[in-house]
Amino acid sequence: MILAAVAVMAGGCFAVPVVAVFREPEPVRQWLAVAGLLILAIAYAVALFAERSPAVRRWGFATATAVSIPLVAPAGPGDMFTWAWLGGAAAGFAPLLFAGRLRWVAPAVIVAATVVAGVFTGGSPLVHGLIAAALAGTILATIVLPSRLWDLLLQARAGREARARLAVSEERLRFARDVHDLLGHRLAVIALKAELAARLSGTDPERAACEAAEAQNLATSALSEVREAVHGYREVDLGDQLLAVENVLRDAGIRCTVRQPEDDPPAGTATQLALALREACTNVLRHSTAGWCTIEIRRDPEEVRMTIANDGAGKAVADGLGFGLRGTSERLAGLGGTLRTRREGDVFTLDISVPAP
Numbered sequence: 001m002i003l004a005a006v007a008v009m010a011g012g013c014f015a016v017p018v019v020a021v022f023r024e025p026e027p028v029r030q031w032l033a034v035a036g037l038l039i040l041a042i043a044y045a046v047a048l049f050a051e052r053s054p055a056v057r058r059w060g061f062a063t064a065t066a067v068s069i070p071l072v073a074p075a076g077p078g079d080m081f082t083w084a085w086l087g088g089a090a091a092g093f094a095p096l097l098f099a100g101r102l103r104w105v106a107p108a109v110i111v112a113a114t115v116v117a118g119v120f121t122g123g124s125p126l127v128h129g130l131i132a133a134a135l136a137g138t139i140l141a142t143i144v145l146p147s148r149l150w151d152l153l154l155q156a157r158a159g160r161e162a163r164a165r166l167a168v169s170e171e172r173l174r175f176a177r178d179v180h181d182l183l184g185h186r187l188a189v190i191a192l193k194a195e196l197a198a199r200l201s202g203t204d205p206e207r208a209a210c211e212a213a214e215a216q217n218l219a220t221s222a223l224s225e226v227r228e229a230v231h232g233y234r235e236v237d238l239g240d241q242l243l244a245v246e247n248v249l250r251d252a253g254i255r256c257t258v259r260q261p262e263d264d265p266p267a268g269t270a271t272q273l274a275l276a277l278r279e280a281c282t283n284v285l286r287h288s289t290a291g292w293c294t295i296e297i298r299r300d301p302e303e304v305r306m307t308i309a310n311d312g313a314g315k316a317v318a319d320g321l322g323f324g325l326r327g328t329s330e331r332l333a334g335l336g337g338t339l340r341t342r343r344e345g346d347v348f349t350l351d352i353s354v355p356a357p
């Protein structure tokens, strides 16, 4: 859409100069102007649409603009202000190509060059400057600023995805560190005991048996500790998860509203809801452009229900589950729970129910 607007605007800026060139009575000046327009048109195509290095696009555009002034400006009747239209186009598109201070210095320099071109061709410097400034302002308002806002939006979405990936990576790193701390020392001792038992098996069988028994006890103890660590890792506190999700969404610019009952759900149910909530939050950050998100937990004697809704459904499909939600649905199904999705306009809703113990 933006590229099409750029093409239409750039082509429109060439309309008056092309007409002026055809109305030029002197053949030499007319052909020089045609050459200048071709050079400038090629430079525009390369600078605005071609996949080239920024330096090539930037300075090719600047060079072609400068070369076109003596070639195109003198052509055509004086009342058509031939190069003022090209100068306005160049000033308007310059912020798309340049960065830093040059982004705003370049348009001012080009408008000034347009005024000088008006003096050079015997036209009105004031009219040349006004045409260039007005055209540049129109291009800035209709193309450059929206394209900058679009770039910022893409960067913001990339930042959300990066934050979600970082949160997952940090949790994996924490779990890996805990497992390493639990197993590292135990496995080293078990290896030493097993090696000592192997050496003593021929000379002192009784002591070798004792060392082997100690290695077995250490292995059993290590296995028990790992199971406890995994069990603790799987048991996620629902209250802590709600607070973490609320903070993460608000940091991402999403208005978050949480409604929950006064009494907490049972531990096992709360853990399943917390894991589902974590996956839902990840989906909101990665796959939507939500402006608000609501999380509501309701409890009755037979089941506990959690509803998560946001207004950034985009192109999401109500009945289509991604890998994360599919895994959550399968885990809930094993406990007799359900996970359903629905979409109403841009509002995407996730309904989760878990039987009450």
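Using the UniProt record's numbering, the letters of the sequence shown correspond one by one to residues 1 to 357.
Every residue gets a Cβ at the ideal spot worked out from N, C-alpha and C, and that includes glycine.
For Ala108, the enclosing alpha helix (DSSP H) begins and ends at 102-120. Contact check for Ala309 against Thr294 passes: the beta carbons are separated by less than 8 angstroms. Between Lys193 and Ala222, the C-beta gap is not smaller than 8 angstroms, which leaves the two residues out of contact.
Of the candidates Thr269, Gly334, Asn283, Ile110, Asn283 places its Cα closest to the Cα of Thr349. Around Leu218, the same chain offers Arg186, Val189, Ile190, Lys193 as residues with beta carbons nearer than 8 angstroms, after the five sequence neighbours per side are excluded. In the DSSP annotation of this structure, the continuous segment of the alpha helix (DSSP H) that includes Ser68 starts and ends at 54-72. Trp85 is classed as buried because its beta carbon has at least 16 other beta carbons within 10 Å across all chains shown. The beta carbon of Pro125 is closer than 7 angstroms to those of Val115, Gly118, Val119 in its chain, skipping five residues each way along the sequence.
Residue state for Leu339 is assigned as strand, using DSSP reduced to three classes.
Between Ala64 and Leu40, the C-beta gap is smaller than 8 angstroms, which places the two residues in contact.
Distance from the CA of Asp300 to the CA of Pro261, rounded to the nearest whole angstrom, comes to 10 angstroms. Leu140: not part of any alpha helix (DSSP H); DSSP gives it neither H nor E. Counting along the chain, the unbroken alpha helix (DSSP H) around Thr82 starts and ends at 82-97. For Val16, the closest of Cys281, Leu166, Thr82 by C-alpha to C-alpha distance is Thr82. By DSSP's assignment, Glu344 forms a beta bridge with Val347.
The bridge partners DSSP lists for Pro355 are Glu303.
In the three-state reduction of the DSSP assignment, Ile297 falls in the strand class, which pools E and B. Within 10 angstroms of the beta-carbon of Ala356 lie fewer than 16 other beta-carbons, which makes it exposed. Under the three-state reduction of DSSP output, Thr289 falls in the coil class, being neither helix nor strand.
When only Cα atoms are considered, Gly336 and Val245 end up about 25 angstroms apart. Relative to the Cα of Pro265, the nearest Cα in the group Ala276, Gly239, Gly92 belongs to Gly239. At the C-beta level, Thr203 and Glu279 stay beyond 8 angstroms of one another.
Between Thr307 and Asp346, the gap from beta carbon to beta carbon reaches 8 angstroms or more. Between Leu71 and Ala33, the gap from beta carbon to beta carbon is short of 8 angstroms. Fully contained in the segment 198-265 are the following alpha helix (DSSP H) runs of length 4 or more, in chain order: 205-234, 238-251. By the neighbour-count criterion, in which a residue is buried when 16 or more other Cβ atoms sit within 10 angstroms of its Cβ, Ala209 is exposed.
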